[in-house]
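Protein chains: 4
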Amino acid sequence: MRTERLAAFSDGVFAIAITLLALELPRPEGDDLWHELATQWEAYAAFIVSFLTVGIIWVNHHALVDRVARADRTLLFLNLLLLMWVSLIPWPTALVADHLSNDGAEAATAVFSAVFLGMALSFSAVWVHARRAGQLTGLTAAQLAHLSRRNGRGWVFYATALGLAFVAPAASLALNFAIAVYYLLPDRAARLA
Amino acid sequence: MRTERLAAFSDGVFAIAITLLALELPRPEGDDLWHELATQWEAYAAFIVSFLTVGIIWVNHHALVDRVARADRTLLFLNLLLLMWVSLIPWPTALVADHLSNDGAEAATAVFSAVFLGMALSFSAVWVHARRAGQLTGLTAAQLAHLSRRNGRGWVFYATALGLAFVAPAASLALNFAIAVYYLLPDRAARLA
Amino acid sequence: MRTERLAAFSDGVFAIAITLLALELPRPEGDDLWHELATQWEAYAAFIVSFLTVGIIWVNHHALVDRVARADRTLLFLNLLLLMWVSLIPWPTALVADHLSNDGAEAATAVFSAVFLGMALSFSAVWVHARRAGQLTGLTAAQLAHLSRRNGRGWVFYATALGLAFVAPAASLALNFAIAVYYLLPDRAARLA
Amino acid sequence: MRTERLAAFSDGVFAIAITLLALELPRPEGDDLWHELATQWEAYAAFIVSFLTVGIIWVNHHALVDRVARADRTLLFLNLLLLMWVSLIPWPTALVADHLSNDGAEAATAVFSAVFLGMALSFSAVWVHARRAGQLTGLTAAQLAHLSRRNGRGWVFYATALGLAFVAPAASLALNFAIAVYYLLPDRAARLA
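Protein sequence lines correspond, in order, to chains Z, W, F and S. Using our numbering, read the first sequence as starting at 2 and increasing by one per residue. Using our numbering, read the second sequence as starting at 2 and increasing by one per residue. Using our numbering, read the third sequence as starting at 2 and increasing by one per residue. Using our numbering, read the fourth sequence as starting at 2 and increasing by one per residue.
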């Protein structure tokens with residue numbers, strides 16, 4: 002399959018998942034609206050972390066797919082697995098919004114980090130397969146090594162956030178935010194690419 | 002109509018339907034979140050089967066549309082019928098999630114399999130029409146015959162799952178999962194194509 | 002603006018609106034699922050009429066946009082008006098599903114037909130503007146006249162369905178279905194085009 | 002990153018956000034449907050203002066992206082920020098629909114205008130960055146100056162609407178409508194472009 006097709010379908014899933022995040026924001030019905038809006042800060046925090054994370058994975062996905070000339074069947078299904086994790090993101094985002102300040106905080110932030118970890122592992126699987134199958138073009142050996150390290154770091158970060166969820170849920174959410182900021186910052190290889 | 006247009010619109014519907022599946026996942030509100038998340042395994046099972054099935058039909062749809070040079074009016078409307086079944090999928094997925102463990106299990110899994118059967122029959126109709134109208138290009142007679150058999154098998158499988166729903170709903174869902182895995186596996190013609 | 006851009010954005014709105022229709026289908030929670038599914042036939046009827054109508058307007062929209070070389074500002078905003086009506090369709094569809102068998106049937110089917118009428122009028126406005134501004138290419142005078150008549154007929158049909166809603170709501174819904182079938186049938190000009 | 006990619010992803014988010022607006026329209030369940038539909042005029046007003054605003058920002062976004070040859074990393078993330086505000090719009094739209102006629106009117110219209118202000122500021126940030134980085138092509142100095150003024154005016158307008166929300170919520174919504182109409186009207190530079 003030509004990768005334009007794959008990119009267009011993936012873009013659709015990314016665009017829908019990122020836009021659905023705002024649907025999860027609670028719409029308080031009571032009369033003291035300022036107060037009610039202020040008390041649902043967990044929903045805003047979860048929204049921002051998820052929005053940035055989907056945005057970043059979209060940017061990275063593009064940088065990867067742009068370098069793949071043709072997708073084989075394995076790449077197609079590894080990519081489908083990645084999209085499954087991406088499409089799931091609005092779900093743990095809603096769980097965190099509902100539970101960050103109550104007894105379910107550990108479970109909610111653990112599921113949140115686990116979905117991000119699944120996404121990062123799938124992304125790495127797409128990357129490793131494309132690299133091994135020699136489908137990546139236009140990168141030097143140094144760039145390949147650098148990007149492999151940078152991509153690999155992702156799931157170490159998210160696994161740490163997952164572990165942290167069981168002891169300090171809010172810190173786990175904050176770590177997920179910090180990971181997003183880390184990937185937002187300019188990167189040596191991105192400048193070279 | 003040029004098939005790029007048809008492909009782009011179809012891709013949109015596939016991408017939206019597959020991303021909406023996660024919206025159906027229940028968001029438990031109680032305090033014992035781990036326990037509540039564990040008891041809604043039916044929702045996860047239905048989600049995975051539906052996600053894989055939409056993913057596979059997207060891959061197959063692409064392989065088909067890529068070989069059609071121009072779409073006539075009949076193909077356009079057979080394709081629209083296929084998209085109608087695809088867009089329906091989140092609905093029986095939610096029914097299975099809600100009813101797999103209670104008295105509605107037969108009805109829910111029967112509707113689930115019936116929607117997949119409708120989708121498979123529409124896909125076959127698109128395929129048969131495109132083949133008869135000589136709109137398929139770049140395939141040998143042997144490949145055509147092989148793909149016709151492979152596509153035809155789909156609705157036999159789903160009809161079996163539909164029948165099974167009335168006696169063993171969970172087995173029917175498991176069969177739908179097995180069908181997805183069957184189509185995920187590499188195929189002789191796909192390798193040739 | 003180049004019309005590819007306009008077409009891609011419009012396709013997105015059409016694809017989303019048509020896929021959201023199935024989200025409106027009620028998901029009964031009770032135990033006698035067969036019975037409950039059977040009693041919500043109004044929802045299936047409204048779904049099918051709306052799905053076919055959006056599908057047809059998409060096909061006609063494409064046939065139109067494909068013939069426009071460049072869109073001016075007026076065309077852009079008439080098209081936006083058309084998309085507004087299209088995006089509204091899931092809303093009256095849900096109203097009809099909820100009210101066809103109770104006291105709100107007249108209001109629900111009237112709003113349903115009024116939204117379709119608004120869509121047809123906007124479509125005619127796009128068509129008339131593109132024709133007057135000389136933006137349509139590749140059509141003979143006879144084809145132009147034929148298509149103008151065919152497009153013009155649309156809003157007469159929907160205005161009739163709107164009037165009928167106040168005396169016979171179910172007949173109004175049936176007429177909307179018949180209009181969809183009429184536009185599904187092959188057309189002389191479509192064959193020529 | 003090539004800007005076609007950026008444009009396609011952004012188009013997806015715009016198309017989804019604009020189509021989701023209609024999902025927020027309330028579906029009254031009672032028997033006196035005409036009466037209930039008439040009493041929810043706030044929802045229609047908020048829908049129309051939001052639909053026009055997203056439509057206009059889409060048109061302007063396109064005019065901008067069409068002139069950018071290649072997007073750098075900063076542009077990519079400023080654009081992502083813009084899309085975040087756009088994806089949020091269905092949320093304050095629902096708040097205004099629910100609260101315009103009760104005690105929460107100030108808060109609802111203030112959040113509504115604040116989201117539009119955030120969108121306008123992000124748009125200006127994209128514009129200013131693209132201009133400073135010399136990424137805009139095909140515009141004369143006079144056109145650049147004119148468009149900078151026109152874009153800059155946007156956030157002054159929305160800041161005024163935000164201030165007005167605290168004293169006259171309905172007037173604030175009306176001002177947001179007037180801003181949309183202002184940008185709908187033909188513009189000297191748009192005619193030149």
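We treat Cβ as the ideally placed atom computed from N, Cα and C, and that holds for glycine.
From residue 172 of chain F to residue 166 of chain F, what distance separates their C-alpha atoms?
The alpha-carbon atoms of residue 172 of chain F and residue 166 of chain F are separated by roughly 7 angstroms.
Taking three-plus beta-carbon pairs below 8 angstroms as touching, is the region 25–38 of chain Z in contact with the region 104–112 of chain S?
yes
Once you ignore the five residues that flank residue 68 of chain Z on each side, which residues in its own chain have a CB closer than 7 angstroms to its CB?
137, 138, 139, 140
Against chain W, which members of the region 105–132 of chain Z pass a CB distance test of less than 9 angstroms?
Within the region 105–132 of chain Z, the residues whose Cβ lies closer than 9 angstroms to some Cβ of chain W are 105, 106, 107, 108, 109, 111, 112, listed in chain order.
In angstroms, rounded to a whole number, what distance separates the CA positions of residue 158 of chain W and residue 150 of chain Z?
44 angstroms
Can you find the residues in the same chain that come closer than 8 angstroms, C-beta to C-beta, to residue 73 of chain W, ignoring five residues on each side of it along the sequence?
134, 136
For the region 2–22 of chain Z, which residues have a CB atom closer than 9 angstroms to at least one CB atom of chain S, in sequence order?
8, 9, 12, 13, 15, 16, 17, 19, 20, 21, 22
Residues of the region 56–73 of chain W whose Cβ lies closer than 8 angstroms to any Cβ of chain Z, in chain order
56, 59, 60, 63, 64, 67
Taking buried to mean at least 16 other C-beta atoms within 10 Å of its own C-beta, is residue 4 of chain W buried or exposed?
The residue in question, residue 4 of chain W, is buried, as its Cβ has 16 or more Cβ neighbours within 10 Å.
Range covered by the alpha helix (DSSP H) that runs through residue 41 of chain W
Run containing residue 41 of chain W: none; DSSP gives neither H nor E here.
Within 8 angstroms of any Cβ in chain S, is that where the Cβ of residue 180 of chain Z sits?
no
When you compare the CB of residue 27 of chain Z with every CB in chain W, is at least one pair closer than 8 angstroms?
no
Over the uninterrupted alpha helix (DSSP H) stretch that includes residue 170 of chain S, give me the two end residues.
170–185
Check the Cβ of residue 35 of chain W against every Cβ in chain Z and list those closer than 7 angstroms, keeping chain order.
108
Residue 59 of chain S versus residue 146 of chain W: straight-line alpha-carbon distance, rounded
47 angstroms
Return helix, strand or coil for residue 68 of chain W, following the three-state DSSP convention.
coil
Count the CB pairs spanning the region 73–88 of chain W and the region 119–133 of chain W that are closer than 8 angstroms, and state whether there are at least three.
yes
Within-8 angstroms CB hit, residue 99 of chain F to chain W
no
Let's test the definition: count the other Cβ atoms within 10 Å of the Cβ of residue 182 of chain Z and tell me whether it reaches 16, buried, or not, exposed.
exposed
When you compare only the Cα positions, how much space is there between residue 61 of chain S and residue 161 of chain W?
53 angstroms
Using a cut-off of 9 angstroms between C-beta atoms, extract the partners of residue 187 of chain Z located in chain S.
74, 75
How about residue 171 of chain Z: is its Cβ closer than 7 angstroms to a heavy atom in the ligand ATP?
Among the components of this structure there are no ligands whatsoever, and the ligand ATP is therefore not found.
Count the other CB atoms within 10 Å of the CB of residue 192 of chain Z; is the residue buried (16 or more) or exposed (fewer)?
Model confidence at residue 192 of chain Z stands at a pLDDT of 47, short of 50, so the residue's coordinates are unreliable; what they give is reported in the following sentence. Answer is exposed; the Cβ neighbour count stays below 16.
Nearest to residue 95 of chain F by alpha carbon, out of F/144, F/143, F/41?
F/41
In three-state DSSP terms, what is residue 137 of chain W?
strand
Select from Z/169, Z/129, Z/175 the residue whose C-alpha is nearest the C-alpha of residue 195 of chain Z.
No information on residue 195 of chain Z is available, as it lies outside the stretch 2 to 194 that chain Z covers here.
Would you mind reading off the limits of the alpha helix (DSSP H) that contains residue 164 of chain Z?
142–166
Partner residues on chain W for residue 52 of chain F, Cβ-Cβ distance less than 7 angstroms:
85
Cα-Cα separation, residue 20 of chain F to residue 17 of chain W
7 angstroms
Whole-angstrom Cβ separation of residue 91 of chain Z and residue 113 of chain Z, contact assumed at under 8 angstroms?
That belief does not hold up - the Cβ atoms of residue 91 of chain Z and residue 113 of chain Z are roughly 11 angstroms apart, past 8 angstroms.
In or out: residue 187 of chain F buried (at least 16 other Cβ within 10 Å) or exposed?
exposed
Cβ distance (whole Å) where residue 55 of chain F is taken to contact residue 174 of chain F below 8 angstroms
The Cβ separation is near 16 angstroms, so there is no contact.
Could you check where the alpha helix (DSSP H) with residue 5 of chain W kicks off and where it finishes?
4–21
Option nearest residue 70 of chain Z by Cα separation, candidates Z/25, Z/82, Z/7
Considering only alpha carbons, the answer is Z/7.
CB contact flag (residue 117 of chain S, residue 177 of chain S, <8 angstroms)
yes
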